Each structure stands twice: as C-alpha cells, then as structure tokens.
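Worksheet: the structure to be examined is printed underneath.
Numbering (this note's numbering), first residue to last: 94 to 959.
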C-alpha cells in the first residue's frame, strides 16, 4: 500500500496504541506535525500532492498562523555537502518574455480549454476567465479579484535534458503562486495538469521541474518527460489578490553544493517526531524534527560515516535579517511577527548571505553581513561537526517581541535537553491516545472486498485521525480580536476562507471536529463553537464561505455531553438569527458565487435537520414560543423542499434548483446521489411518495464492488456521506448502510491521507480538494464508531446493530463519566460509571438494523429528561 508500520494483532483485548506504534514509513507516510493551540505547523502542503516525502536536502518547512492567514516558510534549513572541487556553472534555456506578447482573454472555461490546447504561438498568453492579467513594465500580473484562483497559460518548447531546472522570479506576492504544467499526454487524464510548485513568498525560486513532473507521471502510469518537449505552463494566483512576475525561465546549473541525500532518502512519521535519512557519498545524515514547545521547532542531526566535505546549512530569508552573534542566531523580522534560527555550535567562517537562491546554489555574490537585498543565508561546518548539531527555530508575535523569538530558538540549542523534550512529546501523545480518545474494538472491513486493507491499517488511521483533530487546534489570536481557539479545517492545508477573525475555521468541517473533540475536551469545543457563533451578524449571516448548517446539531451534541446550560443559553440568540437567515438563503455563497434564486438540497436538508435540534434546544431553555416557531418553520420549509426538488411526487429527485422571481421553479439539476440521500435522514416524512424516489435513486447510484462505491467527488465527501448513511439506517436499508460504512473506513485507510473528498485513480482512492482536511478525519472516525455500534451524532448515546459486526467502543467520555459499549449477540452490553447498575440498563436488546437510545433513567446523575 506504499506505507508500513508494525502493529500488534487487533482484537477486543488489545491495548490502545502508543505514539511510537503509529509510526509510518514509505511513500504514503504523513509528514505534518503540530501541537494543540500552536500557530505553527511543520511540513504544510506545498503542492496539491499530499504525500510529502523526505527530500534529498532534508528541507525544514513550516507555516505560521498570524493575522487570519498562514505564512508559509519554505526551506528554513536545507542541508548539503560542499564539494570544493566543483565550480558553479549556469546555463540559461527557454525564457518567457513579458516585454512583448499578446494576452488572449476568454469568457468561459469551455472557451479557455479550447484555446489552451490550440493556440501555441510564442509570446501568446491565454487568460483563464477567473483571472485578470496585464503585461506592463516587462512584468506579468495575474489578479483574482473575485475568485479563489485564476491563471495564465502559455506553451513553450524546452529541452528538459539540457535545462531541467525552472526559475520563477516573483516581484510581488499578494497571495500564493502555483505552477502547474501540462502536455498532450496529460490533457486527457484526470487531472489534466500537474502541480509542481507552490509558494506565497516573493523573490526567486529554483527547482528541478523535470524531477518533480516525472515523479508524478510515473505514479499515474505515464511516460516520463525527456528531451525536447512542448509544455503548457499554467501560472496560477491562488488564495489572495494577485501575483506579479519578473521572469520565468528554464535553466541548468552546476552547484558546488550537493544534497546530502544525493543517492537516496528515506524517513518516517510519528505524532511526536518527523525523521528523514539521507544517503550520499559522505555517508548517512539523519534529521529528527519535533516541537520543542508551541512556538519552537527543533532539529537534531545524526551523521553515520566519516565525511570528508564540509556541511553547508542554508535557508530562505523572509523579512529583514539581523545577525545575532551573541546567540549564534539569525533574527528575521516581518510585519506582525518575528522568527529566529539558532545553532548549538559556532561556525569558524560564520554566516554568509546571498541576494537570490541561484546565487546561493552557485556560491556567487555572497557577503558576510545581511543587507536589505539578502534573501538567503548559509553557515558552514566541518563534516564531523554536523553530528549531534541542534537547530532551533523560534517564533514570536510583535506583541510578544522579537527577543522572545530569539529566546525560543535558543532554547533547544543552549540547554542540551533535546532528548528530554522528545521523550516528553512521545509521552504526551501516548497519554492522549490511551487515556482520552474512545477505543473501538473491531476494525476489520466486513462484507466487502478489503482491497488489501487490514484491521491494523484501519486502526492506525483511526488513531492518527484523533491526532489530527488535536493538532488542528489553533490558539486565540489577539491581533484579529478573536479570543477563542479555532479548529482549523487542516493546519497543513493552510485553508483560510472562514469568517473574519477565524479564517481557518470552516462553518462545516470545523463544527464536525468540535463535535468529536467534545468526547475528549468539551470545554475547548464549547470555546471554539462560541467563537464561531460570535461571528453571526445582526442579519444572521456568518461571513466567509457559506456552508451547510451543523450549528444547532453541534450545540445540541455539546450540551448533551456537558449539560452546560450557560453556554447553551449564550449561543441561542445568534443561532436563531443564523437559522432564520439560512432558511431564506439555502445555498452556497463564496466570493463571486452568490445566486439568490438558487436552492441547494444540501443546504435545505441541513437546515431542516438543524431546526429539529433548535426545537429541542428551545425546549431545554424553557422557551415554549420558540419551540412552536421551529415546528412551524420546519413544516413550511419541508413543504418547500417537496415542491422545489420534485417536478412530480413520484419523479426523479433534483439536488439543485433555480427559482424564478415569483418563486416558481425555473430549472432543476440532478445527479448528486449523496446529497439526495440525506433526505432519508429527515424525520418529517409521513406518507409522501417522494421518500421512495430518494431510496430508489440512492440504491441505483452506488456500485458496492467499486472503489468509493463508484462515486467521484464531490459527492463522496463526508458532509453528505455521513447523513446518507444515517438515512439508510433510519429507513432500515441496512445492507447498503453497512457497505457504505465499511467502504468509507476502508478507502480512507487505503488513501492514508485525510482529504476533503477522494477521486478514483487507477481503482485506488486518491485525495482531492482541500488536503489534509477534517472531512476525511471525521469520516473515518464516524464510520469506525458506527461499525462498533455507536452513533455519536445526537449527543445522547445511541446504539446500532449492523449485520456481521461485533465489537464495541470503550472509554466514551460523557459528563465526566465513562461509557463502555460491547456488541454481544443480539444485545448491546453497557458498562462504566455513566450507566447505573440496574440489569435493564446494562443490556439493551436491539435487532439487526435497529437503533436504540440509552434510556434517560439509565444515566447516573441525570438531572433532566433528555
């Protein structure tokens, strides 16, 4: 499967894992790392390929969250040998010209794709309809005023064997630049292009394009690119406003700096440490990276062999640099924060500074003190002195002061306690995994072809998912006046399209994270949820990407797990405003996608479900008039749902409609089975014939023998998938529900990455959309819990019996007490301090396909009827 680890036999008596036992190696290992309430993430996604492998230069990469955005720092530290007998050389090949050229603007994606494959004249730049472009002052600007991304493309002919490297010089970056490439042999594949580079930093960037492309081509089963090749370059601006380019060119260079992994590189991942091992003529260099504290990264080098060359460590300068010889460190100041890089040993030659990456690689134009033009630094050590060298990278906000960044960077380099901190991190993650998270018993894929996925694979991914949830928590951010923690969609993905002050929180994925994390730390979930609800405006909208509602469900789950009346009361009024706004706006709104007459079944169904939870919340808060309000609102919206999405009651259900100004339906769109299927989970149904059409559409849409049930994105994302599974259980369509549960768990484990959604690539699930993402995380956890008989989605304990499933879940934490569930024959056996000792409460008889809730009187210390 492309990764490996050692795992004990999985059965009901297995001990929960240690952090060390979750180790991953191989091609699909994870590489990200973070701590809860840290602004830092190690190894964020720098391309849309989530399978980060250790690189031959042992690059240390990170991103820092400040001011509602992630600041991606590539190459804090890169490791090379200095081959003094090699001189630096530079050969320039094909280059783009921005002083002349023609911009071809397109008005539609279809027109763009036609031109993109036919117009290949030199100096012709085709502008994607999402972008604006200008050619002025020998520069190309690509702007995206109303979109997430946009790009300009052009065709070039290049000899990749002679000039395999690619240089892009970015004059200004108000967003993120991404380079994708395509050719005739990729245009008919999915996706038609290949992402090879991504950065949000201005300045020059140099990399081996041929290597980056060929690695992905081979993985797709395509021939590598060699010799003279006609290539389409797609210059993307993403997640911002614009990118301005000075120059783009192919080149080849000979560097006296040789990557330490010139002949091979390997590595491994655990929640507490990322390891890389690079092998070359000078021996093997190992780097171990970890979080020294929430604001500091630490790296320790180990060298095997007897190197004859000096070691050169180097890095990018993203700000104004100051040399601090007193701390053996380099301090870099930026708007809003500073960071410092410190070393545990001094260098005889000290630091050197370079105006560009190419100057560093060829060791030309270097100087001894940093200037305003300095963009790269280097420091050289005797080869033997690299062994046991420690590097610290510390961050501090402007409010904390730059001195704190220096002190933090110096921490791991001056105290010689790197091993102690490593042991502490290992113990912290092990305690979390063993003592805090729920422990399912059964992980085997049941009733389906396992496709090579073992119980151990599913088990490991389940516990890594809980690591991801905890790692995703960000701290309060005073600079945005946001005094609440955030659950990021995925720190490593650097997604930032949420509400102001909490841009990394999605009002969909992040709420699902809060729901699950409440079984571990309900106080943090309540804090984060209260923060999201503080963003509700007077009109009821939450700014940022407008996503389907799980607000009332989240409030209800948190309340059921805590009985926190004060927190529930505090969020009720903004929740009411939001749901009434959502009633009138059941549609996706993001940037320029804002169509008032659109009605999306995803949003309508979620609003109906959330109104049900709002009704229960109003009852608990003793607001009888509000209970009636939500009953009436649900009745009216359910009637609209039936009228909007069916032309005839027995006809095919639509998933998206557009209304005329008088409220009648103008157009219906179909073919979204997982969205349609969520309708089965509504409790509004009586004898309406539309329900049968949903059941038929869902049953006909899934191929139980195919990867991902044959459903391509976005229709397999968890936000729809999970409710469809519950709808099938509600309607006693148990066999398909059971298959979806097992396929869902199996295919996330096969991919070995948590993604927003998945595509079917060579009959294998591959990540698609935001990656890594909480959607994949929550999907895996939920499917495994369901396999083991536990439904978490209503907060109060519910149990389900599925065919051919046995097992249970231990260590479910509710209101400070413990619940243990065991699926035993035709009964669910309950143990733990949350359940009283009466025999009728300790065993519930549930038929296959049935669901039962824990009777209120069976809960110890239950003060209210739930």
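No residue lacks a Cβ here, since even glycine has one placed at the ideal position from N, Cα and C. Here the structure is a predicted model, which is why all the values come from computation and not from measurement.
Asked, Found
"Residue 668, DSSP secondary structure in three states", "helix"
"C-beta contact flag for residue 898 and residue 882 at 9 Å", "yes"
"Boundaries (first-last residue) of the alpha helix (DSSP H) holding residue 820", "811-823"
"Identified DSSP bridge partners for residue 184", "345"
"For residue 845, three-class secondary structure by DSSP", "coil"
"Buried or exposed (CB count within 10 angstroms, at least 16 for buried), residue 136", "buried"
"Beta-carbon gap between residue 330 and residue 224 smaller than 9 Å", "yes"
"Top-ranked residue by Cα proximity to residue 930, from 954, 865, 943", "954"
"Sufficient close CB pairs (3 or more, under 8 Å) joining the segment 302-311 to the segment 232-246", "no"
"Pairwise C-alpha distance: residue 823 and residue 340", "59 Å"
"C-alpha gap between residue 447 and residue 466, whole angstroms", "8 Å"
"For residue 737 and residue 758, the rounded distance between their alpha carbons", "7 Å"
"Backbone CA spacing between residue 734 and residue 789 [nearest angstrom]", "18 Å"
"Nearest-angstrom Cβ-Cβ length linking residue 115 and residue 382, presumed shorter than 8 Å", "16 Å between Cβ atoms; not a contact."
"Cα-Cα separation, residue 952 to residue 928", "5 Å"
"Sub-9 Å separation of residue 408 and residue 490 beta-carbons", "no"
"Exposure label - residue 688; buried when at least 16 CB within 10 Å", "exposed"
"Same chain, Cβ closer than 6 Å to residue 806, neighbours up to 5 away in sequence not counted", "850, 852, 861"
"Rounded straight-line distance, which links the Cα of residue 543 to that of residue 269", "40 Å"
"In DSSP terms, what residue 944 is bridged to", "893"
"Distance, residue 495 Cα to residue 437 Cα", "20 Å"
"Simplified DSSP assignment, three categories, for residue 980", "Lying outside 94 to 959, the shown extent of the chain, residue 980 is not represented and no answer is given."
"Local conformation of residue 337 per DSSP, three classes", "strand"
"Range of the contiguous alpha helix (DSSP H) that encloses residue 603", "602-610"
"Closest by C-alpha distance to residue 690, when choosing among 681, 751, 279, 641", "751"
"Residue 792 - DSSP class collapsed to helix/strand/coil", "helix"
"Closest by C-alpha distance to residue 914, when choosing among 923, 507, 315", "923"
"For residue 836 and residue 941, the rounded distance between their alpha carbons", "19 Å"
"Runs of beta strand (DSSP E) lying entirely within the segment 451-500, each at least 3 residues, in chain order", "469-474, 483-490"
"Candidates 245, 296, 678, 337, of which the one nearest residue 230 by Cα", "337"
"Exposure of residue 439, with buried meaning 16 or more beta-carbon neighbours within 10 Å", "exposed"
"Continuous alpha helix (DSSP H) stretch holding residue 627: start and end", "Here residue 627 belongs to no alpha helix (DSSP H), and DSSP marks it neither H nor E."
"Three-state class that DSSP yields for residue 591 in the structure shown", "coil"
"Cα-Cα separation, residue 729 to residue 676", "10 Å"
"Residue 815 burial status per 10 Å Cβ neighbour count (16 or more: buried)", "buried"
"Sequence-distant residues of its chain with Cβ nearer than 7 Å to residue 160 (five each side left out)", "429, 572, 573"
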